[in-house]
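Enquirer: Just passing along the structure, written as structure tokens.
Protein chains: 2
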Amino acid sequence: MCDCTFKSQEKDYPMSSEYDTLKLENQLCFPLYACSREIVKKYKPYLDDLDLTYTQYITMMVMWERKQINVKELGECLFLDSGTLTPLLKKLEQKGWVTRQRAKSDERVLIVTLTPAGEELRSKAVTIPQKMACCMNLSAEEVQTLYRLLYKLLGDCC
Amino acid sequence: MCDCTFKSQEKDYPMSSEYDTLKLENQLCFPLYACSREIVKKYKPYLDDLDLTYTQYITMMVMWERKQINVKELGECLFLDSGTLTPLLKKLEQKGWVTRQRAKSDERVLIVTLTPAGEELRSKAVTIPQKMACCMNLSAEEVQTLYRLLYKLLGDCC
DNA sequence: CACAATTACATTGCATCCAATTATTTTTAT
DNA sequence: ATAAAAATAATTGGATGCAATGTAATTGTG
């Protein structure tokens, strides 16, 4: 894709240009960015059935595990800030899957709590991971390696 | 992060639940999604200097290589559609880095062409990749592996 | 205590992203 | 030749993401 190679005047292999580092094909970030969006797109039909977007889905994943969490901690789990989470949590509240209330001990803190309806959603969502798994032709070992490298990169850059 | 383990009533190791597959920590897509956004964020200060967003940057990467390309092909390179590209290309045109004109042979096709000003931008951008490289503590081999796995995954799912 | 600094969340504005629809042009099939 | 189908962008609407700013509550300091 988008491979531009130039022939050296004397030899018959690609000439390395001073701009090679700016080629799309030489970026690590680009396949990361593209892959992320393509996989989120793959989730869509399954998430549509549950009336969830991808971001709402990973938020609910945290809620299913934690039952109760405040916005700051939720943001740390998901690498998202209140600018994204505030409207998203209001939507989840509208749908009846979480409640939002201020902590009595500290009125600045907003506590998000999973509702019984939100808990029920979990049993519908549980089939999604296996449905998604089959669209990836990576071996178990490759998945492990990819997982490890992504978390290493994530740890390095935050 | 977000690790909820439950103790079996009899033994002293984490109980595997029917919902383990829904844990955030067991997802491959989540570090992909988070990592992608974190790295794009890392680019921001450098791209701000060039008055480019990340999406505009990768678009310019294609333009620097191809000089001229139509919207359909550009979309295939970047995994983006006209809904994203049309307004983005209008902004790049406003900044004077590309021109947009219909193909004479087929009026449906819009041809995007790099301008001399756009070409000049390339020499300012050329220092960005090395500036970014130092925020990743992956070895050259790990980068290679990650790169290969991401493209494999990208190939599988599109 | 007074008040400055900090913290936690909400709001605003801009730029994506994407699905769905529309408009226009070109190609295909009868 | 022409109507149907296909191809290519543009448009629209909804949901993020994120930086910057605002607001209210809490904490730290002299």
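Read top to bottom, the protein sequences are chains S and C.
According to my numbering, the stretch in the first sequence is residues 3 to 160, in order.
According to my numbering, the stretch in the second sequence is residues 3 to 160, in order.
Ideal Cβ placement from N, Cα and C applies to all residues, glycine included.
List, in order along the chain, the chain S residues whose C-beta lies closer than 9 Å to that of Lys25 (chain C)?
Expert: Met63, Trp66, Glu67
Enquirer: Check for me: the beta strand (DSSP E) holding Leu112 (chain C) runs from which residue to which?
Expert: 112-116
Enquirer: Per DSSP, Ile60 (chain S) forms a beta bridge with which residues?
Expert: According to DSSP, which records beta bridges pairwise, Ile60 (chain S) is partnered with nothing at all.
Enquirer: Please name the residue, chosen from C:Cys79, C:Val128, C:Leu26, C:Ser19, that lies closest to Val64 (chain S) on a Cα-to-Cα basis.
Expert: C:Leu26
Enquirer: Just the C-alpha distance for Leu49 (chain C) and Leu156 (chain S), rounded to the nearest angstrom, thanks.
Expert: 20 Å
Enquirer: State the Cα-Cα distance for the pair Ser10 (chain C) and Ser19 (chain C), rounded to the nearest angstrom.
Expert: With a pLDDT of only 34 at Ser10 (chain C), under the threshold of 50, the placement of this residue in the model should not be trusted; the figure read from the coordinates follows. If I take the Cα positions, the gap works out to 10 Å.
Enquirer: Can you give the beta carbon distance from Met138 (chain C) to Asp158 (chain S), rounded, assuming they're within the 8 Å contact cut?
Expert: Rounded to the nearest angstrom, the Cβ distance from Met138 (chain C) to Asp158 (chain S) is 6 Å, consistent with a contact under 8 Å.
Enquirer: Should Gln103 (chain C) go down as buried or exposed, given a rule of 16 or more other Cβ atoms within 10 Å for buried?
Expert: The Cβ neighbour count for Gln103 (chain C), taken over all protein chains shown within 10 Å, is under 16; the residue is labelled exposed.
Enquirer: Check this for me: beta carbons of Ala36 (chain C) and Leu80 (chain S), under 9 Å apart or not?
Expert: yes
Enquirer: Using C-beta distances below 8 Å, list every residue in its chain close to Val145 (chain S), excluding the 5 sequence neighbours before and after it, in chain order.
Expert: Met138
Enquirer: Looking only at its chain, what residues have a beta carbon closer than 8 Å to the beta carbon of Trp99 (chain S), apart from the 5 residues adjacent to it on each side?
Expert: The beta carbon of Trp99 (chain S) lies closer than 8 Å to those of Met62, Met65, Leu116, Thr117, Ala119, Gly120, Leu123 in the same chain, with the five residues before and after it left out.
Enquirer: Hey, how far is the Cα of Leu52 (chain C) from the Cα of Glu67 (chain S)?
Expert: 43 Å
Enquirer: Just to confirm, is the Cβ distance from Lys154 (chain C) to Leu140 (chain S) under 9 Å?
Expert: yes
Enquirer: Measure the alpha-carbon distance for Asp83 (chain S) versus Gly77 (chain S) and round it to whole angstroms.
Expert: 5 Å
Enquirer: Is Lys93 (chain S) closer than 9 Å to Gln58 (chain S) when the C-beta atoms are compared?
Expert: Yes, the Cβ-Cβ distance between Gln58 (chain S) and Lys93 (chain S) is below 9 Å.
Enquirer: Looking only at its chain, what residues have a beta carbon closer than 8 Å to the beta carbon of Glu12 (chain C), apart from the 5 residues adjacent to it on each side?
Expert: Low confidence applies here, because Glu12 (chain C) scores a pLDDT of 41, under 50, leaving its location unreliable and the question unanswered by this model.
Enquirer: Please state whether DSSP places Gln70 (chain C) in a helix, a strand or coil.
Expert: strand
Enquirer: Is Asp50 (chain C) close to chain S, meaning its C-beta is less than 9 Å from at least one C-beta of that chain?
Expert: no
Enquirer: With a cut-off of 9 Å, does the C-beta of Glu122 (chain S) fall near any C-beta of chain C?
Expert: Chain C, which has no Cβ nearer than 9 Å to the Cβ of Glu122 (chain S), makes this no.
Enquirer: Spatial neighbours of Cys73 (chain S) within its chain, please: C-beta separation below 8 Å, excluding the five flanking residues on both sides.
Expert: Sequence inspection shows Val at residue 73 (chain S); the Cys mentioned does not correspond to that position. Excluding its 5 nearest sequence neighbours in each direction, Val73 (chain S) has C-beta neighbours in its own chain below 8 Å: Ser84, Leu87, Thr88, Leu91, Val111, Leu112, Val114, listed in chain order.
Enquirer: Using a Cβ cut-off of 7 Å, which residues of the segment 33-57 of chain S contact any Cβ in chain C, in chain order?
Expert: Pro33, Leu34, Tyr35, Ala36, Cys37, Ser38, Arg39, Glu40, Ile41, Val42, Lys44
Enquirer: Please list the partners that Pro131 (chain C) has in chain S, where partner means a Cβ-to-Cβ separation under 8 Å.
Expert: Thr23, Leu24, Asn28, Gln29
Enquirer: Would you please verify whether the beta carbon of Val73 (chain S) is less than 9 Å from any beta carbon of chain C?
Expert: no
Enquirer: Thinking C-beta only, is Tyr149 (chain S) closer than 9 Å to Leu24 (chain C)?
Expert: No, Cβ-Cβ distance for Leu24 (chain C) and Tyr149 (chain S) is not below 9 Å.
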